[in-house]
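According to my numbering, the sequence shown is numbered sequentially starting from 3. Note that the Cβ used here is the ideal one computed from N, Cα and C, for glycine as well. Here the structure is a predicted model, which means the values were calculated and not measured. Here the structure is laid out as structure tokens; the discussion comes afterwards.
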Amino acid sequence: MDKKYDVTALGELLIDFTENGISVQGNPVLEANPGGAPCNVLAMLKKLSHTVTFVGKVGRDMFGDLLEQALVEVGIDTSGLVRDSDVHTTLAFVQKKADGDRDFSFYRNPGADMMLKEEEVLEKKELIENCRIFHFGTLSMTHENCRKATKKAIELAKAAGAVISFDPNLREPLWDSLDNAKEQVEYGLTKCNVLKISDNEIKWLTGIDDYDEAVGSIQEKYPDISLILVSLGKEGSLAYSNRTKVFEKPFLLENTIETTGAGDTFCAGILHYVLEHGLKNYSEEELAEMLTFANAGASLITTKKGALRVMPDLAEVENLVSKRHS
């Protein structure tokens, strides 16, 4: 049966305040960029001509208005967006470090994204049951309300036969304890078919420094995960499908500004490949093609400020890939 949506994502939608120069008074100027990992993934998938929808909550405030407008602008279906009159939209302040990495300060105690309720998910269940891939992370599992809502959505998606995609996207400051974070990541691993995880996250989760060994331990414990991607930042990325492993080097561009959204763009590139080819045991050639495309997209987004509104399109990604092959 054809599904209405290629991908439905659930989770956080927030404002990333990023530094953008100094004012005439000498104060840092902060730019309000629409953000949140699940919607970044959807924005890139939309640029790759997929049908996408989002389930999540923002405040009934100026930032909620801005975020809703941004989703409409980039073509993400907003029928799953819930507005909360009592709680403000979540804000994140992003500080760029000297090495290009980022520090986050979150204003979220509470923030609207963490107030999504199980009954609100049930009201939107058509969006969850009517997708080919359901994608989620752990920021919607930091607190009891949104954790229940997330688990209900996963249950609905699995029962409807969707492929389950999971990116832990650990943000330490948002958890009451890292033990709790680990518990929720492990829950996600019991439910997903596609896992995208970063180098530091997999080391933290497994306690193993060697990526092959760490992935092997996950594959052994969670056999339903048929595709595992490990993003290595500026070192490239790894893909594991059954017993097949591929490493692909990154595209390092001279005009890189910041890394915001790189992991989400990479994740979207992977899901694009899964949508185009189906989820299966991939060959080395297929994994290399998948990673090369995803790495190219991730590299391109680092040349732009923000993420959600400025995702590269298919022609840009293919053009970068073709330069490597020429």
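Item                                                                                                                                                       : Value
For V43 and T10, which I take to be in contact (beta-carbon distance under 8 Å), what is that distance rounded to the nearest angstrom?                    : No, V43 and T10 are not in contact; Cβ-Cβ is about 11 Å, not under 8 Å.
In three-state DSSP terms, what is L176?                                                                                                                   : helix
By a C-beta neighbour count over all protein chains shown, 10 Å radius and 16 as the cutoff for buried, is G116 buried or exposed?                         : With the sequence shown as reference, residue 116 is identified as Met, and Gly is not the correct amino acid for it. Buried: at least 16 other Cβ atoms inside 10 Å.
My guess is that A298 and F253 are in contact by the Cβ rule of under 8 Å, so how many angstroms apart are they, rounded?                                  : 5 Å
With the cut-off set at 8 Å, would you say L73 and C41 are in Cβ contact?                                                                                  : yes
V60: which of Q71, S51, V54 and H52 sits nearest, CA to CA?                                                                                                : Q71
Using only CA atoms, which one of K307, I303 and V312 lies nearest to L322?                                                                                : I303
Quick check: what's the CA-CA separation for I210 versus L273?                                                                                             : 27 Å
Does the region 198 to 207 come within contact of the region 224 to 238, defined as at least 3 CB pairs closer than 8 Å?                                   : yes
Determine the contact status of A198 and I259, defining contact as a CB-CB distance below 8 Å.                                                             : It is worth fixing the name first, because residue 198 is Lys in this sequence and not Ala. It is not a contact, given that the beta carbons lie outside the stated cut-off.
Where T294 and K251 are concerned, what is the direct C-alpha to C-alpha distance, given to the nearest angstrom?                                          : 8 Å
Roughly how many angstroms lie between the CA atoms of G271 and D8, to the nearest whole one?                                                              : 13 Å
Pair every Cβ in the region 126 to 140 with every Cβ in the region 159 to 168, then say whether three or more of these pairs are closer than 8 Å.          : yes
Using a Cβ-Cβ cutoff of less than 6 Å, which residues in the same chain neighbour L255 once the five nearest sequence positions on both sides are dropped? : S301 and T305
Can you give, in chain order, each stretch of the beta strand (DSSP E) that sits fully within the region 12 to 76 and has at least 3 residues?             : 16 to 24, 30 to 37 and 54 to 61
Could you pull the start and end residues of the alpha helix (DSSP H) that G265 belongs to?                                                                : A264 to H279
If you draw a straight line from the C-alpha of F108 to the C-alpha of F95, how long is it?                                                                : 6 Å
Apart from the five residues on each side of it in sequence, which residues of its chain come closer than 6 Å, Cβ to Cβ, to V196?                          : S167 and L229
Suppose the cutoff is 6 Å on Cβ atoms and the five residues either side in sequence are ignored; what does the same chain contact list for K154 look like? : E120 and V123
Look at the alpha carbon of T80 and the alpha carbon of A164, and state the distance between them as a whole number of angstroms.                          : 20 Å
If we ignore side chains and look at the alpha-carbon of each, how far apart do T246 and A216 end up?                                                      : 15 Å
Within a Cβ cutoff of 6 Å, which residues of the same chain sit near T20, ignoring the five residues on either side of it in sequence?                     : E33, N35 and V96
If you follow the alpha helix (DSSP H) that T304 is part of, which residue opens it and which one closes it?                                               : It is not in any alpha helix (DSSP H) - T304 carries neither H nor E in the DSSP assignment.
Taking only runs that begin and end inside the region 161 to 223, name each unbroken beta strand (DSSP E) of 3 or more residues, in chain order.           : 165 to 168 and 196 to 200
Along the beta strand (DSSP E) that carries V96, what are the first and last residues, could you check?                                                    : L93 to K98
Helix, strand or coil: which one does DSSP assign to S285?                                                                                                 : coil
Pop quiz: R110 and S87 are said to be a contact at Cβ under 8 Å. What is the actual Cβ separation, rounded to whole angstroms?                             : 17 Å between Cβ atoms; not a contact.
With DSSP run on the structure shown, which of helix, strand or coil describes H145?                                                                       : coil
Exposed or buried, what is T192 when buried is set at 16 or more other beta-carbons lying within 10 Å of its beta-carbon?                                  : exposed
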